[in-house]
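Participant: The structure is given below, and queries will be raised subsequently.
Protein chains: 2
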Amino acid sequence: MEHLVNTHEIVLTSPLDMHIHFREGAMLRVVAPLSAEAFAGGVIMPNLTPPVDGLDRLLQYRTEIDEAIAGAIFAPYMTLFFRAYDEVELRAARPHIIGVKLYPAGVTTNSEAGVQRIRDAEPTLAIMEELGIPLLVHGETSGFVLDREREFLSIYARLAQRFPRLTIVMEHITTRDAVALLDEYPNLYATITLHHLQLTLDDVAGGLLQPHLFCKPIAKRPEDRDALLRAALAPHPRVMFGSDSAPHPVSAKEAAGCAAGVFTAPVALPLLAEMFEQHDALDRLQTFVSDNARRIYGVTPPEKKVLLWREPWQVPARYGDVTPYYAGRTVAWQLAQRQSRAGP
Amino acid sequence: MEHLVNTHEIVLTSPLDMHIHFREGAMLRVVAPLSAEAFAGGVIMPNLTPPVDGLDRLLQYRTEIDEAIAGAIFAPYMTLFFRAYDEVELRAARPHIIGVKLYPAGVTTNSEAGVQRIRDAEPTLAIMEELGIPLLVHGETSGFVLDREREFLSIYARLAQRFPRLTIVMEHITTRDAVALLDEYPNLYATITLHHLQLTLDDVAGGLLQPHLFCKPIAKRPEDRDALLRAALAPHPRVMFGSDSAPHPVSAKEAAGCAAGVFTAPVALPLLAEMFEQHDALDRLQTFVSDNARRIYGVTPPEKKVLLWREPWQVPARYGDVTPYYAGRTVAWQLAQRQSRAGP
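Note that the protein sequences, when read in sequence, are chains A and B. 23 is the number of the first residue of the first sequence in the working numbering; add one for each residue after it. 23 is the number of the first residue of the second sequence in the working numbering; add one for each residue after it.
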């Protein structure tokens with residue numbers, strides 16, 4: 023392959039999805055292969071029920087994932103669910119994890135076991151800083167839905183100051199203010215999802231209400247989306263792609279109370295290619311979906327070339343009982359593998 | 023009844039719901055009797071398919087309503103769907119209508135036939151002003167979902183200035199800014215719904231997404247809700263209760279694209295009583311749900327005493343195939359009639 027980017031195809035080298043919900047059991051077996059097909063690795067979220075908050079549980083979950091993606095070239099970067107860990111636990115876990123994910127209690131799916139007061143987290147954070155274990159954070163308060171991330175920014179700032187050698191990843195940022203905060207503290211990083219690069223609250227609730235576009239944090243204002251897009255397209259050296267792909271069965275979405283989560287794993291790379299092309303930035307996609315993450319986390323993913331073809335692809339209506347993002351719509355790009363393996 | 027308000031019961035004299043969606047056919051026959059049971063009259067919205075934009079169609083719709091509520095003491099105050107009407111049409115319609123309802127094109131359910139440019143409406147508005155026919159307005163632009171009402175306020179201001187003798191009702195206002203605008207122009211009035219007195223966007227999208235709380239205009243911020251509540255409890259002399267009760271079958275709500283509308287007709291008075299009591303304002307409920315509307319519109323509704331008892335009532339899960347607001351929850355007050363007529 024002499025030209026990695028031309029008008030008909032692109033080759034991504036070891037693309038990474040730095041924020042994925044794989045779930046367990048039957049759902050895991052539906053969704054994990056789709057990520058493993060498109061990506062060379064990804065950060066696996068630990069907010070199961072019960073949470074993945076011990077090494078035994080983590081290794082057991084890892085085994086379940088390995089079985090689900092058997093044969094694929096894909097590194098599952100495991101995370102522990104934040105609780106008060108001691109140094110012995112974290113030293114033992116360190117070879118098996120890429121970081122520890124902190125959820126404030128009750129702010130999103132399966133976060134009931136999360137942290138009640140950030141201050142109580144500090145002893146564990148000090149150990150993580152010492153051991154070089156990154157902190158991944160769902161940064162929302164329990165305030166008014168549109169203010170939750172912005173209200174959390176002062177907590178990010180305090181943590182970044184208090185633990186200057188701790189790598190702190192602001193997960194799935196959704197606001198202009200969060201993007202701006204990146205430039206305030208050198209140890210702050212961020213993941214950005216596909217859907218937050220495309221959606222505003224208008225898409226979720228401006229016409230008919232769209233349960234399949236409902237997620238946490240909720241999509242914000244146009245100026246927020248635009249700031250995220252600028253950061254991703256540049257790309258800002260401290261942002262990485264993390265889909266926050268979060269499958270729920272249709273019965274949990276089209277319901278009187280609709281669960282939060284957008285399932286983007288199988289459509290993420292085609293849609294990112296389309297978007298970066300529209301902004302004349304295809305040559306920067308590799309940095310956003312892989313290079314930045316390698317540098318930030320210091321990981322070396324398995325070698326994997328992922329070919330995307332510029333040929334219209336209609337997104338399937340369902341994967342198992344999950345409605346994907348862009349269901350039934352047509353994307354200008356597709357994973358080359360799809361030529362022989364159509365949607366289920 | 024010597025005391026119209028005591029700790030166990032209240033008697034409302036001819037309560038009015040100044041903004042209702044009765045629909046047609048089978049849905050009309052389910053929902054209209056519920057309004058007719060609780061209220062002495064109400065303003066019936068004309069956004070059917072096709073819209074009620076001629077006298078023949080209006081009289082036919084009125085007949086259908088009369089049949090659905092046969093025997094009830096209830097005055098359906100009819101409205102025409104705004105289009106370019108001439109003076110002959112409006113003079114003929116005047117005895118049969120309480121006002122003309124203007125929808126900007128495409129901003130809500132069945133508004134496709136609405137006004138493209140407000141300026142084009144001015145000749146008709148001049149005739150309405152001359153004939154003393156009130157203008158009712160769905161005041162939203164097609165902008166970002168949270169800004170639509172605020173963006174429309176300058177249009178209200180312009181209309182109020184340009185047609186100083188025209189009664190202009192800002193329907194279902196949802197923002198602090200709209201409340202403030204009332205005090206700028208003496209010919210501006212407003213209806214306020216029950217649900218906008220109770221909900222913010224947090225209730226709709228802050229936890230699980232709640233399709234049955236999704237409406238247009240969408241519920242806004244806490245400070246907006248609080249301003250509406252102050253205006254209703256006072257009550258501001260130019261606000262009236264208008265439920266905007268808007269039934270949809272469950273299949274249109276718990277769906278991939280959820281229709282906008284909250285069905286509050288059968289629960290409105292019990293919940294208003296509970297809310298006014300909580301704010302020590304039960305003695306002002308009569309003004310909010312009846313007296314202001316009579317004065318503003320100059321109507322004399324049929325004489326009807328509606329008794330509410332302070333006795334817990336569990337709201338039914340369904341009325342026909344419609345999930346009501348507060349479904350399955352308990353309200354401290356109930357319509358006395360419910361003693362003998364339980365929920366369907």
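No residue lacks a Cβ here, since even glycine has one placed at the ideal position from N, Cα and C.
Taking the alpha-carbon positions, what's the VAL353 of chain B to VAL52 of chain A distance?
Facilitator: Here residue 353 of chain B corresponds to residue number 331 of the second sequence, with the count starting at 1. Here residue 52 of chain A corresponds to residue number 30 of the first sequence, with the count starting at 1. In a straight line, the C-alpha of VAL353 of chain B is about 44 Å away from that of VAL52 of chain A.
Participant: For GLY121 of chain A, write down the residues that DSSP places opposite it in a beta bridge.
Facilitator: Here residue 121 of chain A refers to the residue found at position 99 when the first sequence is read from its first residue. The partner list for GLY121 of chain A (beta bridge, DSSP) reads A:THR101.
Participant: Whose C-beta lies closer than 7 Å to the C-beta of ILE42 of chain A among residues of the same chain, with five residues either side of it excluded?
Facilitator: Along the first sequence, one-based indexing puts residue 42 of chain A at 20. Hits under 7 Å: SER57, GLY64, VAL65, ILE66, MET67, SER265, SER267, ALA287.
Participant: Is there a C-beta anywhere in chain B that falls below 9 Å from the one on THR213 of chain A?
Facilitator: The sequence position of residue 213 of chain A within the first sequence is 191, counting from 1. No, THR213 of chain A lies away from the interface with chain B (no Cβ there is under 9 Å from its Cβ).
Participant: Let me check one thing: in DSSP terms, what residues is LEU210 of chain B bridge-paired to?
Facilitator: Position 188 of the second sequence, counted from the first residue, corresponds to residue 210 of chain B. DSSP, once it has assigned bridges, lists B:ILE190 as partnering LEU210 of chain B.
Participant: Got a sec: is the Cβ-Cβ distance from GLY136 of chain A to anything in chain B below 9 Å?
Facilitator: Along the first sequence, read from residue 1 onward, the residue named residue 136 of chain A stands at position 114. Judged by the 9 Å Cβ criterion, GLY136 of chain A is not in contact with chain B.
Participant: What residue does the beta strand (DSSP E) around GLU31 of chain A start on, and which one ends it?
Facilitator: Taking the first residue of the first sequence as position 1, residue 31 of chain A is located at position 9. Start and end: 31 to 35.
Participant: For a test of the three-state rule: what should DSSP assign to ASP108 of chain A, helix, strand or coil?
Facilitator: Locating residue 108 of chain A in the first sequence gives position 86, where the first residue counts as 1. ASP108 of chain A: coil per DSSP, three-state reduction.
Participant: With DSSP run on the structure shown, which of helix, strand or coil describes SER267 of chain A?
Facilitator: To locate residue 267 of chain A, count along the first sequence from 1; it is residue 245. Three-state result, SER267 of chain A: strand.
Participant: TYR341 of chain A by DSSP, collapsed to three states: which one?
Facilitator: Stepping through the first sequence from its first residue, residue 341 of chain A is reached at position 319. Correct three-state label for TYR341 of chain A: strand.
Participant: Within 10 angstroms of the Cβ of PRO366 of chain B, are there 16 or more other Cβ atoms? Answer buried if so, exposed if not.
Facilitator: Walking along the second sequence from the start, residue 366 of chain B turns up at place 344. At PRO366 of chain B, the pLDDT of 39 sits below 50, so the modelled position is not reliable; the number obtained from the coordinates is stated separately. PRO366 of chain B should be labelled exposed.
Participant: Using a beta-carbon distance cut-off of less than 8 Å, what residues from the region 276 to 304 of chain A approach chain B?
Facilitator: If the cut-off is 8 Å between Cβ atoms, the region 276 to 304 of chain A has GLU276, ALA277, ALA278, GLY279, CYS280, ALA281, ALA282 near chain B.
Participant: With distance defined between alpha-carbon atoms, name the residue in B:GLU206, B:ASP248, B:GLY228, B:LEU231 nearest to LEU367 of chain B.
Facilitator: Past the edges of chain B, shown from 23 to 366, lies residue 367 of chain B, and the structure says nothing about it.
Participant: For ARG105 of chain A and GLY121 of chain A, I'd like the C-alpha separation in whole angstroms.
Facilitator: Position 83 of the first sequence, counting from 1, holds the residue named residue 105 of chain A. Position 99 of the first sequence, counting from 1, holds the residue named residue 121 of chain A. Going by the C-alpha atoms only, they are around 13 Å apart.
Participant: Find the residues of chain B that neighbour VAL392 of chain A, judging by a C-beta separation of less than 7 Å, and give them in chain order.
Facilitator: The question about residue 392 of chain A has no answer, for chain A in this structure spans 23 to 366.
Participant: Would DSSP call VAL327 of chain A helix, strand or coil?
Facilitator: Indexing the first sequence from 1 puts residue 327 of chain A at position 305. Checking the sequence, you will find Lys at residue 327 of chain A rather than Val. Correct three-state label for LYS327 of chain A: strand.
Participant: Whole angstroms is fine: what's the gap from MET150 of chain A's alpha carbon to LEU188 of chain A's?
Facilitator: Against the first sequence, residue 150 of chain A aligns to sequence position 128. Against the first sequence, residue 188 of chain A aligns to sequence position 166. Using only the alpha carbons, I get a separation of about 7 Å.
Participant: Per the DSSP calculation, TRP335 of chain B is bridged to which residue(s)?
Facilitator: The residue given as residue 335 of chain B occupies position 313 in the second sequence. Note: TRP335 of chain B sits in a beta bridge opposite B:VAL353.
Participant: With 9 Å as the threshold, decide whether the Cβ of PRO233 of chain B is near any Cβ in chain A.
Facilitator: Locating residue 233 of chain B in the second sequence gives position 211, counting from the first residue. Yes, because at least one Cβ of chain A sits closer than 9 Å to the Cβ of PRO233 of chain B.
Participant: State yes or no: is the beta carbon of ARG243 of chain B nearer than 9 Å to at least one beta carbon in chain A?
Facilitator: Looking up residue 243 of chain B in the second sequence gives position 221. Yes, ARG243 of chain B counts as interfacial toward chain A.
Participant: At which residue ranges does the region 209 to 295 of chain B contain complete beta strand (DSSP E) runs of 3 or more residues, listed in the order of the chain?
Facilitator: Fully enclosed beta strand (DSSP E) runs of 3 or longer: 210 to 214, 261 to 263.
Participant: Taking DSSP as the reference, what is the three-state secondary structure of MET150 of chain B?
Facilitator: Locating residue 150 of chain B in the second sequence gives position 128, where the first residue counts as 1. Here MET150 of chain B sits in helix by DSSP.
Participant: Tell me whether PRO346 of chain B sits in a helix, a strand or coil according to DSSP, three-state version.
Facilitator: Walking along the second sequence from the start, residue 346 of chain B turns up at place 324. DSSP places PRO346 of chain B in coil when its eight states are reduced to three.
Participant: Let me check understanding here. Comparing Cα to Cα, which of B:PRO233, B:GLU31, B:TYR207 lies closest to ARG180 of chain B?
Facilitator: Here the question's residue 180 of chain B lines up with position 158 in the second sequence. It is B:TYR207.
Participant: Report the three-state DSSP secondary structure of ILE95 of chain A (helix, strand or coil).
Facilitator: Along the first sequence, one-based indexing puts residue 95 of chain A at 73. ILE95 of chain A: coil per DSSP, three-state reduction.
Participant: Just curious, the beta strand (DSSP E) that ILE66 of chain B is in, first and last residue?
Facilitator: Taking the second sequence and counting its residues from 1, the one referred to as residue 66 of chain B is at position 44. Unbroken beta strand (DSSP E) run through ILE66 of chain B: 63 to 66.
Participant: What first and last residue would you give for the beta strand (DSSP E) that runs through ILE42 of chain A?
Facilitator: On the first sequence, residue 42 of chain A is found 20 positions in, with the first residue counted as 1. Note, ILE42 of chain A: beta strand (DSSP E), 38 to 42.
Participant: Looking only at its chain, what residues have a beta carbon closer than 6 Å to the beta carbon of GLN361 of chain A, apart from the 5 residues adjacent to it on each side?
Facilitator: Reading the first sequence from its first residue, position 339 is the one you call residue 361 of chain A. Low local confidence applies: a pLDDT of 39 at GLN361 of chain A is under 50, so the model's placement there is unreliable, and no value is given.
Participant: Within 9 Å (strictly less), CB to CB, does ILE189 of chain B reach chain A?
Facilitator: The count along the second sequence starts at 1 and reaches residue 189 of chain B at position 167. The amino acid at residue 189 of chain B is misidentified as Ile; the sequence shows Thr. No, no contact with chain A.
Participant: For GLU193 of chain B versus GLY229 of chain B, is the C-beta spacing smaller than 9 Å?
Facilitator: Here residue 193 of chain B refers to the residue found at position 171 of the second sequence. Here residue 229 of chain B refers to the residue found at position 207 of the second sequence. It is not a contact, given that the beta carbons lie outside the stated cut-off.
Participant: Closest Cβ-Cβ distance between THR146 of chain A and chain B: below 9 Å?
Facilitator: Within the first sequence, the letter at position 124 stands for residue 146 of chain A. THR146 of chain A does not count as touching chain B.
Participant: Could you check if SER164 of chain A is buried or exposed, using at least 16 other CB atoms within 10 Å of its CB as the buried criterion?
Facilitator: Here residue 164 of chain A is taken as the residue at index 142 of the first sequence, counted from 1. By the neighbour-count rule (16 or more Cβ atoms within 10 Å), SER164 of chain A is not buried but exposed.
Participant: From which residue to which residue does the beta strand (DSSP E) around LEU158 of chain A run?
Facilitator: If you number the first sequence from 1, residue 158 of chain A lands on position 136. That run of the beta strand (DSSP E) goes 157 to 159.
Participant: Starting from PRO55 of chain A, trace the alpha helix (DSSP H) in both directions and tell me its first and last residue.
Facilitator: One-based indexing of the first sequence puts residue 55 of chain A at position 33. Where PRO55 of chain A is concerned, the enclosing alpha helix (DSSP H) stretches over 47 to 60.
Participant: Evaluate the contact criterion for the region 276 to 293 of chain B versus the region 331 to 344 of chain A: three or more CB pairs, one atom per stretch, below 8 Å.
Facilitator: With the cut-off at 8 Å, the region 276 to 293 of chain B and the region 331 to 344 of chain A do not touch.
Participant: Just the Cα atoms here: how many angstroms apart are LEU38 of chain A and VAL226 of chain B?
Facilitator: The residue labelled residue 38 of chain A in the question sits at position 16 within the first sequence. The residue labelled residue 226 of chain B in the question sits at position 204 within the second sequence. When rounded, the distance between both Cα atoms is 34 Å.
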